[in-house]
């Protein structure tokens, strides 16, 4: 979770005023950039986040993101679950590039580092076919006529 203080953006233009960005905005930018990377199944979230998503509420894009603002430097920790079968280092590097590019493009902030934490791998779901006429049949083994 981000700090409560806003991050002040330095303007290259003549100063018209101060620009402040809430840390939650940066979390959302990082979360969207990471989750849209090919090979990312989902971001890490708390149990409360999972329950609210099951109840039909909007997905929280800031979940799985931790910001550390130290002086003039920003470090980001991203916690992800990857799809089964992807090259983990390749996806992690793609996440780092995507996050760095999006934050630079949208806020002009340069990151000190982007740390990617792979929390797990999510296998593909296989569709099980259920025969409505034989819901409780376990297998055809040992089938005998009685």
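Numbering (the working numbering), first residue to last: 1 to 146. Glycine included, each C-beta is placed from N, C-alpha and C at the ideal position.
query	result
Residue 82, DSSP secondary structure in three states	strand
Which of helix, strand or coil DSSP assigns to residue 16	coil
Residue 74 versus residue 112: straight-line alpha-carbon distance, rounded	6 Å
Short Cβ contact (8 Å threshold) for residue 122 with residue 41	yes
Cα-Cα separation, residue 8 to residue 18	7 Å
Alpha carbon of residue 108 to alpha carbon of residue 136, nearest angstrom	60 Å
Bounding residues of the beta strand (DSSP E) (the contiguous stretch that carries residue 113)	111 to 122
Backbone secondary structure at residue 34 - three-state DSSP	helix
Check whether residue 76 and residue 64 have beta carbons under 8 Å apart	no
From 43, 133, 104, 38, residue whose alpha carbon lies closest to that of residue 89	38
Residue interval of the alpha helix (DSSP H) (run including residue 90)	88 to 107
Residue 27 - DSSP class collapsed to helix/strand/coil	helix
Nearest-angstrom Cα separation, counted from residue 34 out to residue 78	8 Å
Opposing strand residues paired with residue 77 [DSSP bridges]	66, 115
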